[in-house]
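**Q** Take a look at the following structure, please.
Residue numbers (my numbering): 9 to 260.
In structure tokens:
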């Protein structure tokens, strides 16, 4: 505008437009609830947090967690979005993640380890969005867990219910592993005796007992003149949290 006369007002205003493209900035972190766990049914959680630093909202955010072999899905909890589980893949889709906000996916799992040595499991989660990102690579988060093998070695012993002094009879002993991991350096011992002392004793060694493997041994002995008690025991260097079945007793 001006105070001087201007008969051409058509050019006294002008307009320009600029197209602004949304841009998001995703990060993702992953933390294991326990860094060391026993194989079997004990559970732990992988907690995955996806965050958007903006400056725009992130559309169609997909967080994907592919569970490695030996990591078994149990359940999940998500703070938002729609979760799907397909085999070893757990994913959550979030329609829109606002700038400067985050969402959490917790995946509850247990672990398999059929060996007799520790296994280190690395679990990686990733996040994507259809909104253009200011980073050229897909963000990932990693959680690492050491899976300790867990055996459950067990023994049984059986004797005839009755016998005559001087008779030759047979005791049957089993050594087994009911655990989900291999039991290493297994030792089994058997003592058959009376109140007056030992009738016979022996020991057995096994380099390992695989899950659900059973070894059976028999012991032949002559019945003494008094009642007989047989006791068997089993040990292994692999962890065993159930010690109640590591010894057994039978009487005759």
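We treat Cβ as the ideally placed atom computed from N, Cα and C, and that holds for glycine.
A quick note: this is a predicted structure, and the numbers were derived from the prediction, not measured.
Where does residue 259 land, buried or exposed, given buried means 16+ other C-beta within 10 angstroms?
**A** Your numbering for residue 259 matches position 251 in the chain shown. The residue in question, residue 259, is exposed, as its Cβ has fewer than 16 Cβ neighbours within 10 Å.
**Q** First and last residue of the beta strand (DSSP E) that includes residue 97?
**A** Working through the chain shown from its first residue, we reach residue 97 at position 89. First-last of the beta strand (DSSP E) with residue 97: 97-105.
**Q** Would you say residue 218 and residue 180 are within 7 Å of each other, going by their C-beta atoms?
**A** Numbered from its first residue, the chain shown carries residue 218 at position 210. Numbered from its first residue, the chain shown carries residue 180 at position 172. No, Cβ-Cβ distance for residue 218 and residue 180 is not below 7 Å.
**Q** Could you give the first and the last residue of the continuous beta strand (DSSP E) run that contains residue 131?
**A** In the chain shown, counting from the first residue as 1, residue 131 sits at position 123. First-last of the beta strand (DSSP E) with residue 131: 127-136.
**Q** Does the count of Cβ pairs from the region 81-89 and the region 119-131 closer than 8 Å reach three?
**A** Result no; under three Cβ-Cβ pairs closer than 8 Å.
**Q** Give, in chain order, every unbroken run of the beta strand (DSSP E) that is at least 3 residues long and sits entirely within the region 209-253.
**A** Whole beta strand (DSSP E) segments, 3+ residues: 222-230, 237-243.
**Q** Since residue 200 and residue 113 should fall inside the 8 Å C-beta cutoff, what is the C-beta to C-beta distance between them, to a whole number of angstroms?
**A** Numbered from 1 along the chain shown, position 192 holds the residue referred to as residue 200. Numbered from 1 along the chain shown, position 105 holds the residue referred to as residue 113. Contact flag wrong, Cβ pair sits at about 58 Å.
**Q** Is residue 240 near residue 194, with beta carbons less than 7 Å apart?
**A** Sequence index remark: in the chain shown, residue 240 carries index 232 (1-based). Sequence index remark: in the chain shown, residue 194 carries index 186 (1-based). No, these two residues do not count as a Cβ contact at 7 Å.
**Q** Pop quiz: residue 118 and residue 94 are said to be a contact at Cβ under 8 Å. What is the actual Cβ separation, rounded to whole angstroms?
**A** Walking along the chain shown from the start, residue 118 turns up at place 110. Walking along the chain shown from the start, residue 94 turns up at place 86. Actually they do not touch by this definition, with Cβ atoms about 19 Å apart.
**Q** Rank 207, 202, 122, 141 by C-alpha distance to the C-alpha of residue 246 and give the top, closest one.
**A** Reading the chain shown from its first residue, position 238 is the one you call residue 246. Selected option, being the one with the closest Cα: 122.
**Q** Would you identify the three-state DSSP class for residue 34, choosing helix, strand or coil?
**A** Indexing the chain shown from 1 puts residue 34 at position 26. Looking at residue 34 - three-state DSSP - the assignment turns out to be strand.
**Q** Would you call the region 202-213 and the region 143-153 in contact, with 3 or more CB pairs under 8 Å?
**A** The region 202-213 is not in contact with the region 143-153.
**Q** Would residue 172 pass as an interface residue toward chain B - the criterion being a Cβ-Cβ separation below 7 Å?
**A** Any reference to chain B falls outside this structure, which holds one protein chain only.
**Q** Can you give me the C-alpha to C-alpha distance between residue 45 and residue 157, rounded to a whole angstrom?
**A** As a position in the chain shown, residue 45 is number 37, starting the count at 1. As a position in the chain shown, residue 157 is number 149, starting the count at 1. Going from the Cα of residue 45 to the Cα of residue 157 covers about 9 Å.
**Q** Three or more C-beta pairs under 8 Å: does that hold for the region 246-255 against the region 168-176?
**A** Verdict: no, contact absent.
**Q** In angstroms with no decimal places, state the Cα-to-Cα distance between residue 35 and residue 221.
**A** Here residue 35 refers to the residue found at position 27 when the chain shown is read from its first residue. Here residue 221 refers to the residue found at position 213 when the chain shown is read from its first residue. In a straight line, the C-alpha of residue 35 is about 47 Å away from that of residue 221.
**Q** Do residue 107 and residue 133 have their CB atoms nearer than 7 Å?
**A** One-based indexing of the chain shown puts residue 107 at position 99. One-based indexing of the chain shown puts residue 133 at position 125. The answer is no: Cβ separation not under 7 Å.
**Q** If you reduce the DSSP assignment to three classes, tell me which class residue 20 lands in.
**A** For the purposes of this step, residue 20 is taken as the residue at position 12 of the chain shown. In this structure, residue 20 counts as coil in the three-state DSSP scheme.
**Q** Measure the C-alpha to C-alpha separation of residue 228 and residue 168 and round it to an integer number of angstroms.
**A** Against the chain shown, residue 228 aligns to sequence position 220. Against the chain shown, residue 168 aligns to sequence position 160. Looking at the two C-alpha atoms, the distance is approximately 12 Å.
**Q** On the three-state DSSP scale, how would you describe residue 78?
**A** Indexing the chain shown from 1 puts residue 78 at position 70. Correct three-state label for residue 78: coil.
**Q** Please list, in chain order, all residues of the same chain as residue 257 whose beta carbon is under 6 Å from its beta carbon, the five residues on each side excluded.
**A** Here the question's residue 257 lines up with position 249 in the chain shown. Cβ neighbours of residue 257 beyond the five flanking positions: 239.
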